[in-house]
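In my numbering, the protein residues as written are 995 to 1939.
Where a beta carbon is used, it is the ideal one built from N, C-alpha and C, also for glycine.
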């Protein structure tokens, strides 16, 4: 359907009739069949391919009444502008833009989806000419003239246009692909950020201020919703980073939790800004669809980078206004909870906790200390009350409503922002931190009772509490160490009461089982919390007693009082000994595996730190009482008991499996013959199964069964491949004609791969298992896979091409690892002069180009960069001539101004830093560095979007 811009090749009425019929089919107004849908789609495709379609499209718009036709017409205009941008004059683009906007403002009954598409067309026209003189001013003239009219429809159009502009200029997938170099997008985005972004936000704030003054939005609900959407989009804006490397992988980069506009926004970030949004929070509190974006705006306003203010004075004024507003809504929430707890929602509590967390993480203790004493006290009281509310609700919440637990975690992050820098923690703040710790311990005891009495069955897959709540326990421990004497005193008092009572329950048969279950949970949590407070995780580090605990030990020694840390360890040690005695005597009815595991977790955390005490690792001398308790006979006795307990467990574990300990001399015995026979049977089964599947005629019902069968076979093959991997270390050597696990796995791969369809590889579980199987096979027996048939390798090409492009990082990672292993085998044979698999030569050619194109010209996951560079290194080394030819072809396709830049970068990629095409660790490391530099040099002008 091509023709002139006038559309004279076809009667407009006839074309409109065809488009309307196609639209009715697509929208289900008329009966649908596969053939009619295909025909309707083709009508719209032909229409959108029209050359210079603009005049024709505007004639269609004037005559059309079908919203879907209007939607597709806007799409045709947009695609035409993008396609013909290089030959369109600036005035022509401006005319198209203005005509589309004029049409939208005249059609007040236009469907939302059609209007959005039209405004997207207007926005892309603005973006394509944004750097031209006067274009930005034109946009703001049009937007403001619409937004500040006394007409809600016109306001909606202006605000929706602003939102579309934010989409087009943002570093996200929402921006349109226009086929221009990345440099164009970055230049336009930076230009937009300099002034336009701020002006859009100021306009939105002006509109929001009117709503707060009127204290009503009843007749302008949609306008308020759109305005909040614009404000939220601005406050979530990701500014162009100073480091180009952060943009290597994709046109969009990692989301930052902070809003970093820079000091040019200082005149906007004033206390009054916070007041407006907190008033909106009160105004919209009964309307969830408006309250949520308001809360998100407030969270982002709490994340404003401190570098965006002129000076510390302005920063403190802003912080004070924000905290006063937050204190007001938090006080209302806590008062509501006192009168009607049922009216408190998890989402509201979480939102306010997130606000507190964001502002504390951003401004830290240094800024908080700059407020006057009264403001500090008010903030800390608010924070404490909100934390208490979160904990109370967390204790009572159901498992399917985790908002309160998330709210507490947010509060905890805020407290940690205050407590982590000990030099900034003022004495007046310490009681608040201690109060939060006390609240946490109390809430865990209450929740322990509730969970125990609920008598709910624990799922086997559920992580242990020490793993599930690892970060939370570490955070609470940090708060506890601010006043360690009080925190450890609290724990010691509770352990002194609950542990003896629990030990008594273990030896008494006629106990109330509900009370026993409660005791199990309480002791379990006391052990976890105590372990976290006394010692830190020490992965890869020398385990040291926390400085606050050693300082407390010195104070106790000087005061002549007992050290609570030592007393806690002794209580837990007595508990462990008592459990051991109960186990030996057979009194196991009331023993708890969970408490036993928690006891071992306690000593796992404490043993390396306290029982293997190395005084030379500490900068300050340790107290004599601490050394005497853990380094002398007492510590040796504890270690001996711990070793004995572990010995008992190990002996119990292997008591009935003496067959595990077989002499290597027996490795060629009957069990290996049986294993070989099993492999042979599996081999025959796979052949029969594959043959049956090749002749099977699948119905829609049978397809699901077929997928299940394929998944099951893939899982079996994965186990066989892993078996082969471990058998590589076996002393047994395979005899002539003997079947190995690897042989069966490879046969299975040969049989299953042809049955895999593209649709199957889109199923996450099948894809995960299939690519993990190939990865394991290429890791365990790469040469067997490498020497596969040409048909098998061709199947690999298809599936690995899909895998590298997969959204799942694990699938893409496995695919690259498979390619790297196979290419390394090919390169090894080339370097040693051995015969290579001729079919793999074509595989190298395909993937050398594909991997290069994917990671140089497309968007990709930055986590894959190092693996991709290693894979590309092997592929280039396998066929340097092919790579040079590809480079020559790529250079020739570039415009004149880019050819020299690309040529220099490609030469540096394979020659800089003494790189040689040999498989050595040094060369692989050099290539990774060169590839990183290469991407930063060329992606800006090679990547098209």
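Looking at the structure shown, is residue i part of a helix, part of a strand, or coil, going by DSSP?
| i | result |
| --- | --- |
| residue 1065 | helix |
| residue 1264 | coil |
| residue 1823 | helix |
| residue 1023 | coil |
| residue 1298 | strand |
| residue 1253 | strand |
| residue 1091 | helix |
| residue 1423 | coil |
| residue 1539 | coil |
| residue 1664 | Confidence in residue 1664 is poor, its pLDDT being 44 and thus under 50, which makes the residue's placement too unreliable to answer from. |
| residue 1912 | coil |
| residue 1506 | coil |
| residue 1416 | helix |
| residue 1489 | helix |
| residue 1704 | helix |
| residue 1407 | helix |
| residue 1554 | coil |
| residue 1871 | helix |
| residue 1046 | coil |
| residue 1376 | helix |
Is it right to say residue i is buried, meaning 16 or more other beta carbons lie within 10 angstroms of its own, or is it exposed?
| i | result |
| --- | --- |
| residue 1136 | buried |
| residue 1121 | buried |
| residue 1161 | buried |
| residue 1107 | exposed |
| residue 1800 | buried |
| residue 1273 | buried |
| residue 1321 | buried |
| residue 1769 | buried |
| residue 1912 | exposed |
| residue 1335 | exposed |
| residue 1352 | buried |
| residue 1924 | buried |
| residue 1821 | buried |
| residue 1641 | exposed |
| residue 1722 | Note that residue 1722 scores 43 on pLDDT, short of 50, meaning its location in the model is unreliable; the coordinates nonetheless yield the value given after this. That one is exposed. |
| residue 1032 | exposed |
Restricting to Cα atoms, I'd like to know which of the options is closest to residue i.
| i | options | result |
| --- | --- | --- |
| residue 1763 | 1806, 1187, 1607 and 1933 | 1806 |
| residue 1367 | 1421, 1524 and 1134 | 1421 |
| residue 1079 | 1094, 1065 and 1123 | 1123 |
| residue 1613 | 1591, 1539 and 1555 | 1539 |
| residue 1902 | 1781, 1920 and 1914 | 1920 |
| residue 1098 | 1151, 1910, 1181 and 1132 | 1151 |
| residue 1383 | 1332, 1282, 1372 and 1370 | 1332 |
With the cut-off set at 8 Å, would you say residue i and residue j are in Cβ contact?
| i | j | result |
| --- | --- | --- |
| residue 1010 | residue 1086 | no |
| residue 1532 | residue 1586 | no |
| residue 1511 | residue 1458 | no |
| residue 1424 | residue 1374 | no |
| residue 1014 | residue 1060 | yes |
| residue 1767 | residue 1708 | yes |
| residue 1792 | residue 1748 | no |
| residue 1809 | residue 1868 | no |
| residue 1365 | residue 1427 | no |
| residue 1278 | residue 1267 | no |
| residue 1876 | residue 1839 | yes |
| residue 972 | residue 1403 | Any answer about residue 972 is impossible in this case: the structure gives the chain only from 995 up to 1939. |
| residue 1409 | residue 1473 | yes |
Hey, is residue i close to the ligand NAD, as in C-beta under 7 Å from one of its heavy atoms?
| i | result |
| --- | --- |
| residue 1750 | Among the components modelled here there is no ligand, and therefore nothing to report on the ligand NAD. |
Meets three-Cβ-pair contact criterion under 8 Å: the segment 1182-1193 and the segment 1249-1269: Taking 8 Å as the limit for Cβ pairs, the verdict is that the segment 1249-1269 does touch the segment 1182-1193.
Segment contact, 8 Å Cβ cut-off, at least three pairs: the segment 1044-1051 with the segment 1021-1033: Taking one beta carbon from each stretch, the segment 1044-1051 and the segment 1021-1033 have fewer than 3 pairs nearer than 8 Å; the two do not touch.
Inter-stretch contact at 8 Å, needing at least 3 Cβ pairs: the segment 1356-1370 / the segment 1325-1342: no
Any 3 or more C-beta pairs closer than 8 Å across the segment 1486-1499 and the segment 1549-1565: yes
Inter-stretch contact (C-beta, 8 Å, three-pair minimum) for the segment 1890-1902 and the segment 1821-1832: no
Stretch pair the segment 1069-1082 + the segment 1108-1119: three plus CB contacts closer than 8 Å: yes
At least 3 beta-carbon pairs within less than 8 Å: the segment 1209-1227 vs the segment 1138-1157: yes
Contact between the segment 1546-1557 and the segment 1614-1625 (3+ Cβ pairs under 8 Å): yes
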